[in-house]
Amino acid sequence: MKKSILVFFCLYTFSFVYSQKINLEWEKRLMVSERKETVRGFTLTQDGGAVIVTTCKAKTNETGKEGSNISVIKIDAQGKKQWEQIYGSPGDDVANIIISVENGYLIGGNTDKKAGGDKKQEGYGEKDFWLIKIDTQGKILWEKVYGGSGIDELRDVEILPDGYLLGGRTQSDKSGLVSEATYGDFDYWVVKINKEGEKVWDRRYGGLTGDIFDSILPCKDGGFLLLGDSGSDENELKTSPNYGDMDYWVVKINDKGEKIWDGSFGGTVGDVLNDGIALNEGGYLIGGFSYSGAGGSKATVSLGDADYWLVSIDEKGQKNYERAYGAMNAEYLYSMAQINENIFIAGGSQVKTQTSMYYWLLLIDDEGKKLWEKEFPNMASEKACYVQTDKKYIWVTGTGTGDSGNHIWIAKFMLK
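Yeah, the sequence shown ends on 435 if you go by this note's numbering, and it's all consecutive.
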């Protein structure tokens with residue numbers, strides 16, 4: 020009981036003292052009739068609005084779009100829907116990322132093998148990377164699949180001067196477009212393509228067990244950090260140890276995909292890495308959530324069932340500091356953005372009850388001190404939420420839940 024009172028007091032104090040720094044412009048919940056939406060990402064647009072990508076169970080009469088589909092919804096600066104398009108094939112299609120590119124957007128996710136609907140090419144295996152380029156009104160310009168004979172899931176896309184870098188996980192052995200043999204159950208898989216979507220090269224990274232890729236973080240030297248989780252012990256390619264069930268695993272590569280270093284961070288239970296940012300002063304901040312107490316390479320004690328866990332590392336992958344945020348129950352960090360010298364964090368919390376989730380938003384300084392926080396109810400249980408900023412506004416979106424089922428939740432804040 021004392022812990023509950025302390026948590027409430029701290030929440031109230033920080034919201035009051037720093038409420039003038041971030042002001043809520045509006046909050047909206049978009050309902051799409053007869054569909055179960057799961058938000059999978061969004062990007063801001065030049066007209067001050069945003070496009071949101073979801074995975075949905077669409078009730079459509081179009082042949083070839085059975086199973087789950089991908090939906091893209093364009094909203095204006097006030098959150099009003101302007102248009103929507105649905106993309107699908109005869110199997111299950113899952114969205115994981117949308118980014119703004121020249122004259123449109125790139126949607127990344129994964130798809131089943133069978134061709135049909137919007138997917139014109141037969142796949143390589145059980146699941147493949149699926150990349151769709153659309154124009155600013157949602158019309159498909161081209162779409163491509165990438166994969167091997169097993170399961171391949173695209174999680175992130177990074178824009179390059181001469182194309183794009185695709186990152187995900189693969190369970191395929193050497194086959195199809197996968198040019199290297201497997202290391203373990205799942206490995207990180209990175210594919211460079213040109214601007215027309217044709218493969219230039221691919222590389223894989225992994226240990227002897229399972230390695231779950233999440234995202235790509237560009238580096239100032241032209242290389243990239245590959246972020247995700249690993250349950251693998253040290254081997255020829257993975258030189259960092261395994262501390263628990265799953266650890267944060269960071270792999271630094273150069274612009275040709277050659278590995279520079281790798282590092283593991285974690286406690287003795289499980290730790291899930293979901294995002295990272297390059298800090299203005301150099302180095303990187305990586306964040307996700309931790310089920311572990313102190314132990315392994317983790318010095319912070321557990322605050323509850325799961326905590327937001329941040330790790331600051333330098334350019335060579337050495338830990339500078341770590342911070343944990345949480346309360347008695349469970350908190351899940353999903354997305355971060357840098358705002359001047361501060362960091363905005365978006366995730367979910369069960370701080371008030373074990374049976375329902377709240378969006379829990381934080382602002383911290385470059386040393387990890389909490390400056391501001393705010394909660395919103397009715398986050399769908401353990402579904403991701405995402406943050407984007409244009410330095411004047413902060414947008415957060417995620418999957419909401421209620422009596423009528425899942426919906427799209429959006430909040431827009433003004434920076435003061």
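From the three backbone atoms N, C-alpha and C, an ideal C-beta is built for every residue, glycine too. Since we're looking at a predicted model, the values are computed, not measured.
TODO: Look up residue 156 in the DSSP assignment and say whether it is helix, strand or coil.
DONE: Numbered from its first residue, the sequence shown carries residue 156 at position 137. In the three-state DSSP reduction, residue 156 falls in the coil class, being neither helix nor strand.
Open item on the list: Suppose contacts are defined by Cβ-Cβ distances below 9 angstroms. Is residue 61 in contact with residue 70 by that definition?
Closed with: Locating residue 61 in the sequence shown gives position 42, counting from the first residue. Locating residue 70 in the sequence shown gives position 51, counting from the first residue. Their beta carbons are under 9 angstroms apart, which means residue 61 touches residue 70 by this criterion.
Open item on the list: Below 8 angstroms, how does it come out for the stretch 330-350 and the stretch 281-299: are there three or more Cβ pairs, yes or no?
Closed with: Flag = yes, the stretch 330-350 and the stretch 281-299 touch.
TODO: Apply the 10 Å Cβ neighbour rule to residue 384 and answer buried if 16 or more other Cβ atoms are within range, or exposed otherwise.
DONE: As a position in the sequence shown, residue 384 is number 365, starting the count at 1. Note on residue 384: under 16 other CB atoms within 10 angstroms of its CB, so exposed under the neighbour-count rule.
Task: Where residue 260 sits in the DSSP three-state scheme - done: As a working mapping, residue 260 is identified with position 241 in the sequence shown. If DSSP states are grouped into helix, strand and coil, residue 260 belongs with coil.
- [ ] Give every residue of the same chain whose Cβ lies closer than 8 angstroms to the Cβ of residue 355, excluding the five residues on either side of it in the sequence, and list them in chain order.
- [x] Position 336 of the sequence shown holds residue 355. These residues qualify, in order along the chain: 294, 295, 296, 304, 306, 362, 363, 364, 365 and 406.
Open item on the list: Would residue 302 and residue 339 be called neighbours here (beta carbons separated by less than 9 angstroms)?
Closed with: Your numbering for residue 302 matches position 283 in the sequence shown. Your numbering for residue 339 matches position 320 in the sequence shown. Yes, they are a contact pair.
Open item on the list: My output table needs one value for residue 325: the three-state DSSP class, helix, strand or coil.
Closed with: Position 306 of the sequence shown, counted from the first residue, corresponds to residue 325. The three-state reading of DSSP puts residue 325 in strand, counting E and B together.
Open item on the list: Output needed for residue 259: all residues of its chain with C-beta closer than 6 angstroms, excluding positions within five of it in sequence on either side, in chain order.
Closed with: In the sequence shown, the residue the question calls residue 259 occupies position 240. 281, 282 and 283, listed in sequence order.
- [ ] Please go through the same chain and pick out, in chain order, the residues whose beta-carbon is closer than 6 angstroms to the beta-carbon of residue 368, but skip the five residues on each side of it.
- [x] Indexing the sequence shown from 1 puts residue 368 at position 349. Once the five neighbours on either side are set aside, the close Cβ partners of residue 368 are 350, 377 and 379.
Task: DSSP-derived helix/strand/coil call for residue 310 - done: To locate residue 310, count along the sequence shown from 1; it is residue 291. Under the three-state reduction of DSSP, residue 310 is assigned to coil, being neither helix nor strand.
Task: Stretch pair the stretch 322-329 + the stretch 268-279: three plus CB contacts closer than 8 angstroms - done: Contact between the stretch 322-329 and the stretch 268-279 is absent: fewer than 3 CB-CB pairs across the two stretches fall below 8 angstroms.
Open item on the list: Our contact map puts residue 193 next to residue 225 with C-beta atoms below 8 angstroms; I'd like the distance itself, whole angstroms only.
Closed with: In the sequence shown, counting from the first residue as 1, residue 193 sits at position 174. In the sequence shown, counting from the first residue as 1, residue 225 sits at position 206. No, residue 193 and residue 225 are not in contact; Cβ-Cβ is about 13 angstroms, not under 8 angstroms.
- [ ] Would you list, in sequence order, the uninterrupted beta strand (DSSP E) runs of no fewer than 3 residues that lie entirely inside the stretch 347-432?
- [x] Here the runs fully enclosed are 350-358, 361-368, 376-383, 389-398, 404-408 and 412-419.
TODO: For residue 231, collect the residues of the same chain with a Cβ closer than 7 angstroms to its Cβ; drop the 5 residues on either side in sequence, then sort them by chain order.
DONE: Position 212 of the sequence shown holds residue 231. Close CB contacts of residue 231 within its chain, under the 7 angstroms cut and outside five residues either way in sequence, are with 188, 205, 247 and 248 (chain order).
TODO: Check whether the stretch 148-159 touches the stretch 115-135, counting contact only when three or more Cβ pairs, one atom from each stretch, lie closer than 8 angstroms.
DONE: With the cut-off at 8 angstroms, the stretch 148-159 and the stretch 115-135 touch.
Open item on the list: Do residue 109 and residue 144 have their beta-carbon atoms positioned less than 9 angstroms apart in this structure?
Closed with: The residue labelled residue 144 in the question sits at position 125 within the sequence shown. The residue labelled residue 109 in the question sits at position 90 within the sequence shown. Residue 144 places its beta carbon 9 angstroms or farther from that of residue 109.
TODO: Out of 91, 111 and 183, point me to the one whose CA is closest to residue 170's CA.
DONE: Here the question's residue 170 lines up with position 151 in the sequence shown. Ranked by Cα distance from residue 170, the options 91, 111 and 183 are led by 111.
TODO: Measure from the alpha carbon of residue 241 to the alpha carbon of each residue in 342, 410 and 184, then state which is nearest.
DONE: By 1-based counting over the sequence shown, the position of residue 241 is 222. Distances from the alpha-carbon of residue 241 to those of 342, 410 and 184 put 184 closest.
Open item on the list: Check whether chain B comes within 9 angstroms of residue 203, counting only Cβ atoms and requiring the distance to be less than that.
Closed with: The chain inventory of the structure shown lacks chain B, comprising one protein chain alone.
Open item on the list: Just to confirm my understanding: we take residue 421, look at its own chain, exclude 5 residues before and 5 after, and list those with CB closer than 7 angstroms. What are they?
Closed with: Stepping through the sequence shown from its first residue, residue 421 is reached at position 402. Closer than 7 angstroms at the Cβ level, and outside the excluded window around residue 421, lie 397.
Open item on the list: Checking 9 angstroms against the spacing of the C-beta atoms, do residue 288 and residue 267 come in under that value?
Closed with: Reading the sequence shown from its first residue, position 269 is the one you call residue 288. Reading the sequence shown from its first residue, position 248 is the one you call residue 267. When the beta-carbon positions are compared, residue 288 and residue 267 stay at least 9 angstroms from each other.
Open item on the list: Give me the residue from 425, 124 and 431 with the minimum Cα distance to residue 409.
Closed with: Locating residue 409 in the sequence shown gives position 390, where the first residue counts as 1. The shortest C-alpha separation from residue 409 is found at 431.
Task: Close Cβ partners of residue 219 (< 7 angstroms) along its chain, the five nearest in sequence each way excluded - done: Here residue 219 corresponds to residue number 200 of the sequence shown, with the count starting at 1. So the list reads 182, 211, 212 and 213, once near-sequence residues are dropped.
Open item on the list: I need the DSSP call for residue 265, collapsed to helix, strand or coil.
Closed with: Locating residue 265 in the sequence shown gives position 246, counting from the first residue. Strand at residue 265.
- [ ] Return the chain-ordered ranges of every beta strand (DSSP E) run that is complete within the stretch 107-170 and spans a minimum of 3 residues.
- [x] List check, beta strand (DSSP E) in window: 112-120, 123-131, 146-153 and 159-165.
Open item on the list: Taking the straight line between their C-alpha atoms, what separation do you get for residue 423 and residue 86?
Closed with: The sequence position of residue 423 within the sequence shown is 404, counting from 1. The sequence position of residue 86 within the sequence shown is 67, counting from 1. If I take the Cα positions, the gap works out to 21 angstroms.
Task: Rounded C-alpha distance that separates residue 180 from residue 122 - done: Counting from 1 along the sequence shown, the entry for residue 180 is found at position 161. Counting from 1 along the sequence shown, the entry for residue 122 is found at position 103. Taking the Cα positions, residue 180 is about 15 angstroms away from residue 122.
Task: Reduced DSSP secondary structure (H/G/I, E/B, other) of residue 288 - done: The sequence position of residue 288 within the sequence shown is 269, counting from 1. Looking at residue 288 - three-state DSSP - the assignment turns out to be coil, as it is neither helix nor strand.
TODO: Report the option in 76, 74 and 45 whose CA atom is closest to the CA atom of residue 98.
DONE: Position 79 of the sequence shown holds residue 98. Its Cα nearest to that of residue 98, the residue 45 stands out among 76, 74 and 45.
Task: Span of the beta strand (DSSP E), counted from its first residue to its last, around residue 299 - done: If you number the sequence shown from 1, residue 299 lands on position 280. Per DSSP, residue 299 belongs to no beta strand (DSSP E) and is neither H nor E.
- [ ] Confirm the yes/no value for this check: CB of residue 230, any heavy atom of the ligand FAD, distance under 8 angstroms.
- [x] Among the ligands in the structure shown, none appear at all, so the ligand FAD cannot be discussed.
TODO: For residue 416, I'd like the list of residues in its chain whose CB is within less than 7 angstroms of its CB, leaving aside the five on either flank, ordered along the chain.
DONE: Here the question's residue 416 lines up with position 397 in the sequence shown. So the list reads 58, 61, 71, 404, 405, 427, 428 and 429, once near-sequence residues are dropped.
Open item on the list: For residue 186 and residue 168, what's the separation of their Cα atoms in angstroms?
Closed with: Start at 1 with the first residue of the sequence shown, and residue 186 comes out as number 167. Start at 1 with the first residue of the sequence shown, and residue 168 comes out as number 149. The alpha-carbon atoms of residue 186 and residue 168 are separated by roughly 17 angstroms.
Task: Beta-carbon contacts of residue 47 that lie in its chain and below 6 angstroms, excluding the five residues immediately before and after - done: Taking the first residue of the sequence shown as 1, we reach residue 47 at position 28. Hits under 6 angstroms: 98 and 429.
- [ ] Report the residue from 191, 235, 262 and 134 whose alpha carbon sits nearest the alpha carbon of residue 271.
- [x] The count along the sequence shown starts at 1 and reaches residue 271 at position 252. Comparing Cα-Cα distances from residue 271 to each of 191, 235, 262 and 134, the minimum goes to 235.
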